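A.B. asks: The structure's right below; bear with me while I get my questions together.
In full-length UniProt numbering, the protein residues as written are 1 to 287.
Right under this line is the structure:
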């Protein structure tokens, strides 16, 4: 990056890598009774079909359209449903990538989506399909510098492996579980894989319902707490009112219902009614 002078230009730094996604997802943990030897979880079968996804992102988190590689001789329209916009579809005998497919992705998808600034750095692993004479000539003519990561280190040095593919597959597994749960009798295959979006939508609805229920529980708890505080406050006010009424009854003249008032005389034990001038002796509590 120092050599190309792009250390502070994240829009010109790209990383590309492939990952395989099977139609048989990895089920999440299942809670079972202690001592039970076998606990079952529903999947789409014992062996699934692999689909390879070639993904590419740059250092400023811009995601390029993916390339999906299916096993077979041709790609049918049924396999293209619900795919991201401008996705490039391809097929091979084993559903794995080869030099022709990578060269096709490089020319038809990668170069057209590059920014106008040059040079561009492309970080990728050293798979044989990534290094061909035709590909290197195309890269040089477009001012694209290709950097191959050292072998047996990509699980630590490959950015896509470290931060993208893990969360992607966990989300895919959860979507498959939701899809199978909401569609009894159906399985995830190449045609249904693109419709796993239904499971994603269902998971989104479940999360929203769970969030609404949590907010409702919090609101109810808050109201209950408020009601308890209100009852305590009312009980305290009632007690204060009764004490005040008692004090008022003790300070009311028995003849004219007037109020007694201390006349600030030297005799502190007597008070005088303001209406009829009757005198009243205050109660003295001895220690």
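Heads up, the beta-carbon is just placed ideally off N, CA and C, and yes, glycines get one too.
Remember, predicted model here, so these are calculated numbers, not experimental data.
Give the single residue among 103, 155, 25 whose Cα lies nearest to the Cα of residue 137.
C.D. replies: For residue 137, the nearest C-alpha among the options comes from 103.
A.B. asks: For residue 67, does the count of other Cβ atoms within 10 angstroms reach 16, so buried, or fall short, so exposed?
C.D. replies: buried
A.B. asks: Under the three-state reduction of DSSP, which class applies to residue 49: helix, strand or coil?
C.D. replies: coil
A.B. asks: Under three-state DSSP, which class holds residue 58?
C.D. replies: Three-state result, residue 58: strand.
A.B. asks: Quick one: using the 10 Å Cβ neighbour count with 16 as the cut-off for buried, is residue 157 buried or exposed?
C.D. replies: exposed
A.B. asks: For the alpha helix (DSSP H) that residue 166 lies in, which residues bound it at each end?
C.D. replies: 165 to 182
A.B. asks: If contacts are defined as beta-carbon pairs under 8 Å, then residue 64 and residue 135 qualify, I think. What distance do you get, rounded to the angstrom?
C.D. replies: Between residue 135 and residue 64 the Cβ distance is about 17 Å, and since that is not below 8 Å, they are no contact.
A.B. asks: Per DSSP, residue 13 is paired with what?
C.D. replies: 121
A.B. asks: Going by CA-CA distance only, name the one from 146, 107, 18, 179 that's closest to residue 12.
C.D. replies: 146
A.B. asks: Shortest alpha-carbon distance to residue 128 belongs to which of 112, 114, 100?
C.D. replies: 100
A.B. asks: What distance in whole Å lies between the Cβ atoms of residue 144 and residue 359, which are believed to be in contact at a cut-off of 8 Å?
C.D. replies: The structure shown has nothing for residue 359, since the chain only spans 1 to 287.
A.B. asks: If you follow the beta strand (DSSP E) that residue 110 is in, where does it begin and where does it stop?
C.D. replies: Note, residue 110: premise wrong, no beta strand (DSSP E); not H, not E.
A.B. asks: By a C-beta neighbour count over all protein chains shown, 10 Å radius and 16 as the cutoff for buried, is residue 125 buried or exposed?
C.D. replies: With 16 or more other Cβ atoms within 10 Å, it is buried.
A.B. asks: Just verifying my parser: in three-state terms, what is the DSSP assignment at residue 96?
C.D. replies: coil
A.B. asks: Straight-line CA distance for residue 52 to residue 71?
C.D. replies: 9 Å
A.B. asks: From residue 38 to residue 30, what does the alpha carbon distance come to, in whole angstroms?
C.D. replies: Their backbone Cα atoms lie some 11 Å apart in a straight line.
A.B. asks: What span of residues does the beta strand (DSSP E) with residue 68 cover, start to end?
C.D. replies: 67 to 71
A.B. asks: List the whole-angstrom C-beta distance separating residue 105 from residue 88, where the pair is believed to meet the contact cut-off of C-beta under 8 Å.
C.D. replies: About 6 Å; that satisfies the 8 Å criterion.
A.B. asks: Grouping DSSP H, G and I as helix and E and B as strand, with all else coil, what is residue 85?
C.D. replies: coil
A.B. asks: Leaving out the 5 sequence neighbours to the left and right, which residues in its chain are closer than 8 Å to residue 149 when beta-carbon positions are compared?
C.D. replies: 123, 124, 125, 126, 157, 158
A.B. asks: Just to confirm my understanding: we take residue 117, look at its own chain, exclude 5 residues before and 5 after, and list those with CB closer than 6 Å. What are they?
C.D. replies: Residues of the same chain with a CB within less than 6 Å of the CB of residue 117, apart from the 5 flanking positions on each side, are 12 in chain order.
A.B. asks: Among 218, 76, 114, which has the Cα closest to the Cα of residue 57?
C.D. replies: 114
A.B. asks: Is residue 163 buried or exposed, if buried means 16 or more other CB atoms sit within 10 Å of its CB?
C.D. replies: exposed
A.B. asks: Enumerate in chain order the residues of its own chain whose CB-to-CB distance from residue 60 is below 7 Å, with the five nearest sequence positions on each side excluded.
C.D. replies: 10, 11
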